[in-house]
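In the numbering used here, the protein residues as written are 17 to 120. We put the CB at the ideal spot given by N, CA and C, even for glycine. The block underneath contains the structure these notes are about, expressed in structure tokens.
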Amino acid sequence: MSRLIPGLPTDVFKRIDDLIADVHPILERVDVTLGTVSGTLSTVDGTLADATSTLGEATAVLTDVKALLSDLEQRLELLDEVPAMRKQLTEVHTMLKKLTTAKK
């Protein structure tokens, strides 16, 4: 081949073979590393999917808690009104007693 290309060193093909031999193990390591990265990315993808699902569930729970707190707040407001209602009932009871006593 060196006769076809004047000035081409005779050992150029040997050098190319040597370079290929040097690069081949590096490419094998790159391939293994890419496989590891691919596996890790799959794991991360699964973890992110789990996290998304968990966040969705947490959001639903928090929405339920918010509704329960709102209901509790309404009930507490009613309890705040109980003393006033008692007072009114006592007044009504007293008026009824007076009315029934006055009729006798």
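Secondary structure at isoleucine 32: helix, using DSSP grouped into helix, strand and coil. Assignment of glycine 23 by DSSP, reduced to helix, strand and coil, places it in the coil class. Fully contained in the region 84 to 117 is no alpha helix (DSSP H) run of length 4 or more.
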